[in-house]
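Quick notes on the structure that follows.
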Amino acid sequence: NAGVTQTPKFQVLKTGQSMTLQCAQDMNHNSMYWYRQDPGMGLRLIYYSASEGTTDKGEVPNGYNVSRLNKREFSLRLESAAPSQTSVYFCASSHIGTGDGYTFGSGTRLTVV
Amino acid sequence: AQSVTQLDSQVPVFEEAPVELRCNYSSSVSVYLFWYVQYPNQGLQLLLKYLSGSTLVKGINGFEAEFNKSQTSFHLRKPSVHISDTAEYFCAVSDPSSNTGKLIFGQGTTLQVKP
Numbered sequence: 147n148a149g150v151t152q153t154p155k156f157q158v159l160k161t162g163q164s165m166t167l168q169c170a171q172d173m174n175h176n177s178m179y180w181y182r183q184d185p186g187m188g189l190r191l192i193y194y195s196a197s198e199g200t201t202d203k204g205e206v207p208n209g210y211n212v213s214r215l216n217k218r219e220f221s222l223r224l225e226s227a228a229p230s231q232t233s234v235y236f237c238a239s240s241h242i243g244t245g246d247g248y249t250f251g252s253g254t255r256l257t258v259v
Numbered sequence: 002a003q004s005v006t007q008l009d010s011q012v013p014v015f016e017e018a019p020v021e022l023r024c025n026y027s028s029s030v031s032v033y034l035f036w037y038v039q040y041p042n043q044g045l046q047l048l049l050k051y052l053s054g055s056t057l058v059k060g061i062n063g064f065e066a067e068f069n070k071s072q073t074s075f076h077l078r079k080p081s082v083h084i085s086d087t088a089e090y091f092c093a094v095s096d097p098s099s100n101t102g103k104l105i106f107g108q109g110t111t112l113q114v115k116p
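Each protein sequence line maps, in turn, to chains A and B. With our numbering applied, the first sequence covers 147 to 259. With our numbering applied, the second sequence covers 2 to 116.
So this is what it looks like as structure tokens:
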């Protein structure tokens with residue numbers, strides 16, 4: 147019953163450092179998504195992967211890269227962190243076409259100093 | 002492009018009072034509509050959804066929402082709130098014909114239930 151698992155839960159980076167946020171789902175969903183949540187701005191889509199082997203930019207992709215490693219795993223990489231990337235990051239997965247909506251992970255709270 | 006507007010950023014209400022959280026969307030095509038709830042320091046969980054059929058949709062924890070196509074609205078209601086309903090609520094829309102499954106979220110409404 148794990149659903150969507152994100153690691154780490156918390157991270158503090160210095161400006162210019164890099165890191166990878168990990169996401170894995172065990173529901174056999176075909177699509178996966180990375181969002182960032184900032185106060186008053188709701189959730190904004192960073193990147194998504196509609197199916198294994200494909201990735202596409204969302205609304206706010208600058209400063210990020212992604213890898214769909216296999217059907218289960220979708221990672222988000224910050225190559226050179228900036229204070230503007232301080233946010234809460236959520237991974238989600240879904241099965242396109244079912245209307246079921248997303249299953250979300252519990253989030254990663256990232257602070258860049 | 003689709004967009005979602007949640008008309009209130011914060012809604013304070015006393016316990017056992019009714020509440021309505023407002024959501025409007027912009028789309029000229031058919032839509033799927035969702036409400037999610039986020040409790041403090043947690044991820045988002047699905048409250049209810051509208052795909053088709055009856056315009057009144059019932060969800061978990063006593064919440065319901067009404068789809069109004071002419072008003073392009075999907076307002077969330079509860080007749081009597083509890084302290085435990087204090088959370089942030091997000092409205093979201095997607096295009097059923099899309100091959101991406103993307104959800105577009107509103108800015109969120111913080112429901113503050115006071116004793």
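All residues carry an ideal CB built from backbone N, CA and C; glycine is no exception. This structure is a prediction, so every number in the text was calculated from the model and none was measured.
Distance between residue j and residue i (C-alpha atoms, nearest Å)
{"i": "Val-5(B)", "j": "Arg-23(B)", "result": "11 Å"}
{"i": "Ser-213(A)", "j": "Pro-19(B)", "result": "45 Å"}
{"i": "Leu-256(A)", "j": "Thr-161(A)", "result": "12 Å"}
{"i": "Val-206(A)", "j": "Val-114(B)", "result": "33 Å"}
{"i": "Lys-79(B)", "j": "Lys-59(B)", "result": "10 Å"}
{"i": "Glu-219(A)", "j": "Gly-253(A)", "result": "15 Å"}
{"i": "Ser-240(A)", "j": "Glu-17(B)", "result": "35 Å"}
{"i": "Ser-53(B)", "j": "Leu-215(A)", "result": "35 Å"}
{"i": "Ser-164(A)", "j": "Asn-176(A)", "result": "28 Å"}
{"i": "Ala-93(B)", "j": "Tyr-248(A)", "result": "11 Å"}
{"i": "Asn-100(B)", "j": "Met-178(A)", "result": "13 Å"}
{"i": "Thr-201(A)", "j": "Ser-85(B)", "result": "38 Å"}
{"i": "Thr-153(A)", "j": "Met-187(A)", "result": "23 Å"}
{"i": "Ile-61(B)", "j": "Phe-236(A)", "result": "22 Å"}
{"i": "Gly-199(A)", "j": "Ile-242(A)", "result": "15 Å"}
Residue i vs residue j beta-carbon contact at 8 Å
{"i": "Ala-238(A)", "j": "Tyr-193(A)", "result": "no"}
{"i": "Thr-151(A)", "j": "Ser-221(A)", "result": "no"}
{"i": "Ser-27(B)", "j": "Gln-3(B)", "result": "yes"}
{"i": "Tyr-51(B)", "j": "Ala-66(B)", "result": "yes"}
{"i": "Phe-64(B)", "j": "Leu-189(A)", "result": "no"}
{"i": "Val-234(A)", "j": "Gln-183(A)", "result": "yes"}
{"i": "Gly-44(B)", "j": "Phe-250(A)", "result": "yes"}
{"i": "Glu-225(A)", "j": "Asn-211(A)", "result": "yes"}
{"i": "Asn-25(B)", "j": "Ser-95(B)", "result": "no"}
{"i": "Gln-231(A)", "j": "Val-259(A)", "result": "no"}
Beta strand (DSSP E) segment containing residue i, residue limits
{"i": "Asn-62(B)", "result": "Element bounds for Asn-62(B): n/a, residue is neither H nor E."}
{"i": "Gly-188(A)", "result": "188-195"}
{"i": "Gln-113(B)", "result": "110-115"}
{"i": "Asp-184(A)", "result": "177-184"}
{"i": "Lys-160(A)", "result": "Neither: Lys-160(A) is in no beta strand (DSSP E) and is coded neither H nor E."}
{"i": "Ser-74(B)", "result": "74-79"}
{"i": "Val-212(A)", "result": "210-214"}
{"i": "Lys-50(B)", "result": "45-51"}
{"i": "Asn-174(A)", "result": "Per DSSP, Asn-174(A) belongs to no beta strand (DSSP E) and is neither H nor E."}
{"i": "Ala-93(B)", "result": "88-95"}
{"i": "Arg-255(A)", "result": "254-258"}
{"i": "Arg-278(A)", "result": "Past the boundaries of the shown model lies residue 278(A); chain A is included only from 147 to 259, so the question cannot be answered."}
{"i": "Val-30(B)", "result": "Unbroken run through Val-30(B): none, as it is neither H nor E."}
{"i": "Gln-3(B)", "result": "No beta strand (DSSP E) holds Gln-3(B); DSSP gives it neither H nor E."}
{"i": "Pro-13(B)", "result": "11-15"}
{"i": "Gln-152(A)", "result": "150-153"}
{"i": "Ala-18(B)", "result": "Unbroken run through Ala-18(B): none, as it is neither H nor E."}
{"i": "Ala-238(A)", "result": "233-240"}
Rounded Cβ spacing between residue i and residue j (contact assumed at less than 8 Å)
{"i": "Leu-104(B)", "j": "Phe-35(B)", "result": "7 Å"}
{"i": "Asn-69(B)", "j": "Thr-56(B)", "result": "7 Å"}
{"i": "Gly-245(A)", "j": "Pro-97(B)", "result": "7 Å"}
{"i": "Glu-21(B)", "j": "His-83(B)", "result": "Actually they do not touch by this definition, with Cβ atoms about 16 Å apart."}
{"i": "Tyr-40(B)", "j": "Leu-47(B)", "result": "Going by Cβ atoms, the distance from Tyr-40(B) to Leu-47(B) rounds to 13 Å, so no, they are not a contact pair."}
{"i": "Gly-102(B)", "j": "Ala-196(A)", "result": "7 Å"}
Exercise. Determine contact between the stretch 161-179 of chain A and the stretch 6-18 of chain B, defined as no fewer than three beta-carbon pairs at a distance below 8 Å.
Key: no
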